[in-house]
Every structure is written in C-alpha cells, then in structure tokens.
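Trainee: Pasting a structure here, questions to come.
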Amino acid sequence: MIPFDFEYYRPESVTEAVKTYEILATQDKKVLFYSGGTEFITFSRLNQLDAEAIIDLKGIPDCHQLELQGEHLVIGAAVSLNKITESQLFPLLGQTVRKVADHTSRNKITIGGNILSRFIYREGVLPLLLTEAKVKLAGSSGERVVPLKVVFDKQMNISPEQFLIHIQVPKAFLNLPFVSIKKTRMSKVGYPIVSIAALVKDKKIRAALSGVCEYPFRSPDIEAALNDTSLSKEEKIDKALGQLPEAIIDDLQASRDYREFLLKNTLLETIEALEATQT
Amino acid sequence: MITNGTGKTVVRLHVNGEASDVMICSADTLLQTLREQLGLTGAKRACENGDCGACTVLINGEPMHSCLCLTIETINQPITTIESLRDSAIQQKFIEKWAIQCGFCTPGFILNCQALLNKHPDADDETIEEWLQSNLCRCTGYQEIKEAVKSLLPKGSAS
C-alpha cells in the first residue's frame with residue numbers, strides 16, 4: 003500500500019506533458035515523470051520516494067515507438083523490456099534487458115524507466131553506451147536530441163522538468179557480433195554481480211559493465227587493454243582490471259574479491275566468445 | 003488526458019469481460035482494488051514488491067504483477083483474473099498433474115501459464131522456464147507445474 007496520495011496525469015502528447023508539468027510546477031508541487039512505474043510504486047510503498055503529482059508517459063504515442071526510421075532504430079521511453087526483446091530489432095539490447103528482473107515484471111518495466119532507474123545497475127544502458135546512441139528529451143525549453151554520452155555519466159543527468167521521449171540507435175550497430183553475460187549471486191533472476199554487454203565494431207571490442215562499480219560504465223582505457231594485440235588474453239584482462247574507474251563493490255551480494263574473480267572470468271568469456279565470431 | 007486529483011474518485015474498470023465501477027485513490031494498486039472493491043480475492047497479497055507472482059493478473063492478455071500496477075493505469079484495458087478461468091483446461095491440468103500443494107501461489111501460476119499458452123502455443127522448454135521464473139512456489143512444486151503446461155502443448159513442442 004502506498005502511504006500517501008497524489009495527483010495522476012496521463013497526457014496524450016509531448017506538448018501536453020510539458021504543459022502539465024509547467025502548470026504543476028507553478029503550484030510548487032513535487033512532480034515526477036514515469037513510464038513503467040514499477041520503481042515508483044515499490045519505493046513509494048517503502049516511504050523512500052514521494053510525489054504530489056505524477057505524469058504517466060504511457061499515453062504518449064511518441065514514447066511507444068519501436069521501429070526503424072531512416073538510419074536509426076527508434077525506441078520509445080515507454081516501450082517495455084519484453085517488447086524490445088520480442089522485436090529482435092537490436093539483439094544485443096534484447097538479450098541484455100531479457101536478464102533484468104523476471105518475465106512478468108518486464109511487461110511493465112520500460113527502457114526509459116530502466117536507464118533512469120534509482121538502482122545502480124541500469125543494465126539497459128549498457129548496449130546503448132556502445133552504439134553512439136542519441137536521446138530525444140523534452141522540457142520547457144522544447145525538444146532536443148543529444149548524444150547519450152552527453153547526458154549519461156554514471157546516471158542520466160537531466161533536470162526534473164525534462165523527460166525522455168525516445169532513444170535513437172544507429173542502424174550500423176544493430177547486428178554486430180555481440181556478447182551479453184550476467185552473473186548473479188545464485189538464481190537466474192537477481193541483481194548482477196557482474197553484467198557485461200560487448201560487441202565488435204571495426205575489429206575492436208567495445209564493452210560496458212554493470213554491477214562491478216556503483217554505476218554502469220564504458221571505459222576507453224579498459225577497451226584499449228582488451229584490444230591490445232601485443233598482450234595475451236590473461237594480460238589483457240589484468241591490464242583492464244587496473245583501469246576500473248573506481249573500487250569494485252564489496253557488499254552482501256558479493257565480496258570485492260569474489261566480484262573481481264567473476265569479472266576476470268567474465269572478461270575471458272567475452273574475449274573468447276567475440277574472437278569466435280571473427281573466425 | 004486521463005487525470006485524477008487526490009481523494010476518492012469513481013472509475014470504470016473492465017474485469018473478466020464486465021464493466022465495474024470502483025472508488026479509488028490514485029495511489030491504489032490494482033491488487034488492492036480487485037480484492038477490496040471487487041471481492042476478487044484470487045489475486046493474492048504476498049510480497050507486494052513484484053517478486054513472487056502471487057498477485058499476477060492479465061492486462062491486455064499480458065501477465066502483470068497487480069501489486070505493481072496502479073488501478074488508474076488500467077482504465078480502458080481488459081483485465082483477467084483467476085476467477086474467469088474456472089473450469090479452464092489449464093485449471094484441470096493443474097489438478098490432474100498435482101501441480102498444487104498449499105495452493106497460495108496457484109492463481110498466479112495459472113494465469114501466467116494461460117498467457118504463455120496463448121502467446122506461445124508451441125513453447126519450448128527455455129520459454130516455459132523463462133516465464134515460470136516470474137512466480138515463486140515455496141512448496142517447490144515446479145516440476146508438476148511445468149508438466150501441466152507441457153500437457154497442453156501440441157506433442158513435440160517442448161523438449
């Protein structure tokens with residue numbers, strides 16, 4: 003049971019959503035945008051999140067697009083994770099989000115909600131970080147398309163009055179050789195101890211990780227190590243481990259040493275699997 | 003635009019093929035409304051966190067955790083609860099295969115299995131396993147549940 007009440011708005015266009023926010027903001031109300039809503043409900047129930055009004059983006063057709071448009075695949079913020087997997091339009095993203103939560107939850111969890119999540123994992127962003135994706139944002143100052151890497155640094159950095167309309171992924175990245183591996187503590191459903199999405203572009207490995215540090219990331223230094231042809235596989239991995247952006251997480255899910263052990267194995271699996279696609 | 007302020011309001015839901023008026027707040031979950039307003043207690047309250055699947059219902063034919071849906075989100079969408087699957091083939095197979103122990107998780111499992119059969123009438127083992135991971139059975143009767151699903155597939159589908 004959610005212990006507080008709030009106003010609910012389900013606009014039918016981007017313009018209506020922006021205007022609704024502006025009106026509520028003039029009333030000094032705490033407003034949240036949401037698309038799936040699973041996190042809002044679970045955190046609210048625990049009194050870890052509150053709002054006086056929510057704006058549900060599921061009524062906006064632009065947020066439900068999932069189609070090829072020109073040179074891009076367009077994925078609306080309100081598209082469910084299962085729809086992305088079932089579409090098979092971007093297999094790396096489909097396989098990566100297929101490992102988030104459980105099948106029934108993935109009917110409700112959306113790609114927008116996943117990459118804007120309060121949880122540290124945000125695995126849906128991993129393939130997007132590898133692909134020079136762009137995001138279309140809306141807010142009081144209008145709509146704008148920006149490279150994902152401009153607004154995603156550890157997390158999505160957008161202002162409260164902005165929301166994600168859709169993601170654009172260049173077609174050239176959709177069907178490259180890829181690997182998606184997630185390792186959990188015990189069962190198939192669970193938070194990652196290590197999660198990796200990787201692909202080969204122009205004979206170079208690109209890799210993004212979640213579960214290892216306090217945020218998902220893609221590191222040029224790690225990729226340089228993995229692509230250093232003068233090194234053996236084991237040397238590449240040792241060098242890559244020295245390039246992590248911060249200390250490995252040490253928590254109840256897994257100790258730092260165990261995470262490092264799994265990360266080494268996962269990187270080895272990744273290199274070998276991607277090498278196999280190049281022969 | 004669908005809007006709702008704070009406080010109680012009457013909305014119309016479409017549950018099991020019937021239109022029903024209910025009085026809700028924006029914060030009410032579908033699970034609360036089904037159980038407390040409509041008396042449809044087949045959807046079970048357990049984790050209320052989307053982890054156990056005991057509250058599963060079908061919305062637009064897709065399995066959903068009703069504890070993770072606001073009632074107001076489901077306006078104009080067909081909702082199916084376990085009460086509408088009385089004497090269905092999947093219910094009968096659960097009985098025949100002894101896919102029930104304490105029974106608490108059974109409604110959620112049956113609805114999920116029904117949606118699986120509707121969407122993937124030729125489901126393979128991997129698909130069945132992926133879908134059934136959404137529901138927990140603490141009596142651990144998973145094998146019998148899988149057998150109940152498989153017995154409704156055309157021969158040779160699951161391997």
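If you read the protein sequences in the order shown, they are chains A and B. Residue 3 is where the first sequence starts when you use my numbering, and the numbers rise one by one after that. Residue 3 is where the second sequence starts when you use my numbering, and the numbers rise one by one after that. Even for Gly, the Cβ is constructed at its ideal location relative to N, Cα and C.
Would you list the residues sitting across from residue 12/B in a DSSP beta bridge?
Mentor: Walking along the second sequence from the start, residue 12/B turns up at place 10. Answer is 25/B, bridged to residue 12/B.
Trainee: By DSSP, does residue 43/A sit in helix, in strand, or in coil?
Mentor: Counting from 1 along the first sequence, the entry for residue 43/A is found at position 41. Helix, per DSSP.
Trainee: Check the C-beta distance from residue 125/A over to residue 55/A and give it rounded, since I have them as a contact under 8 Å.
Mentor: Counted from its first residue, the first sequence places residue 125/A at position 123. Counted from its first residue, the first sequence places residue 55/A at position 53. With a Cβ gap of about 29 Å, residue 125/A and residue 55/A do not count as contacting.
Trainee: So which residues on chain B does residue 49/A lean against when the C-beta distance must stay under 9 Å?
Mentor: If you number the first sequence from 1, residue 49/A lands on position 47. Those do not exist, as residue 49/A stays about 12 Å from chain B at its closest Cβ, beyond 9 Å.
Trainee: Under the three-state reduction of DSSP, which class applies to residue 18/B: helix, strand or coil?
Mentor: Within the second sequence, numbered from 1, the residue matching residue 18/B stands at position 16. In this structure, residue 18/B counts as coil in the three-state DSSP scheme.
Trainee: To the nearest angstrom, how far is the alpha carbon of residue 163/A from that of residue 156/B?
Mentor: Numbered from 1 along the first sequence, position 161 holds the residue referred to as residue 163/A. Numbered from 1 along the second sequence, position 154 holds the residue referred to as residue 156/B. Using only the alpha carbons, I get a separation of about 52 Å.
Trainee: When you compare each of 9/B, 22/B, 95/B, 87/B to residue 45/B by their alpha carbons, which one comes out closest?
Mentor: Reading the second sequence from its first residue, position 43 is the one you call residue 45/B. If we check each option's Cα against that of residue 45/B, 87/B comes out closest.
Trainee: Can you pull out the residues from the stretch 7-39 of chain A whose beta carbon lies closer than 8 Å to at least one beta carbon of chain B?
Mentor: For the stretch 7-39 of chain A, which is checked against every Cβ of chain B, the residues closer than 8 Å are 7, 8, 9, 10, 11, 12, 13, 14, 18, 22, 39.
Trainee: Roughly how many angstroms lie between the CA atoms of residue 15/A and residue 82/A, to the nearest whole one?
Mentor: Translated into positions along the first sequence, residue 15/A becomes position 13. Translated into positions along the first sequence, residue 82/A becomes position 80. Residue 15/A and residue 82/A: Cα-Cα distance of roughly 19 Å.
Trainee: Please list the terminal residues of the continuous beta strand (DSSP E) segment that includes residue 141/A.
Mentor: Translated into positions along the first sequence, residue 141/A becomes position 139. Here the beta strand (DSSP E) through residue 141/A covers 136-141.
Trainee: Using only CA atoms, which one of 250/A, 166/A, 130/A, 68/A lies nearest to residue 151/A?
Mentor: Numbered from 1 along the first sequence, position 149 holds the residue referred to as residue 151/A. When each option's Cα is compared against that of residue 151/A, the closest is 130/A.
Trainee: Which runs of the beta strand (DSSP E), 3 residues or longer, sit entirely within the stretch 128-193 of chain A?
Mentor: Entirely contained in the stretch 128-193 of chain A, the beta strand (DSSP E) runs reaching 3 residues are, in chain order, 136-141, 144-149, 165-172, 180-186.
Trainee: Do residue 184/A and residue 198/A have their beta-carbon atoms positioned less than 9 Å apart in this structure?
Mentor: Locating residue 198/A in the first sequence gives position 196, where the first residue counts as 1. Locating residue 184/A in the first sequence gives position 182, where the first residue counts as 1. It is a contact, given that the beta carbons lie within the stated cut-off.
Trainee: If we ignore side chains and look at the alpha-carbon of each, how far apart do residue 123/B and residue 121/A end up?
Mentor: The sequence position of residue 123/B within the second sequence is 121, counting from 1. The sequence position of residue 121/A within the first sequence is 119, counting from 1. So the two alpha carbons sit approximately 35 Å from each other.
Trainee: If the criterion is Cβ atoms closer than 9 Å, does the pair residue 80/B and residue 114/B meet it?
Mentor: Residue 80/B sits at position 78 when you count from the first residue of the second sequence. Residue 114/B sits at position 112 when you count from the first residue of the second sequence. Not in contact: residue 80/B and residue 114/B (Cβ atoms no closer than 9 Å).
Trainee: At the level of alpha carbons, what is the spacing between residue 28/B and residue 103/A?
Mentor: The sequence position of residue 28/B within the second sequence is 26, counting from 1. The sequence position of residue 103/A within the first sequence is 101, counting from 1. If you take the alpha carbons of residue 28/B and residue 103/A, they lie about 25 Å apart.
Trainee: Apart from the five residues on each side of it in sequence, which residues of its chain come closer than 6 Å, Cβ to Cβ, to residue 131/B?
Mentor: Locating residue 131/B in the second sequence gives position 129, counting from the first residue. Taken in chain order, the list of residues that qualify is empty.
Trainee: To the nearest angstrom, report how far apart residue 83/B and residue 246/A are at their CA atoms.
Mentor: By 1-based counting over the second sequence, the position of residue 83/B is 81. By 1-based counting over the first sequence, the position of residue 246/A is 244. If you take the alpha carbons of residue 83/B and residue 246/A, they lie about 48 Å apart.
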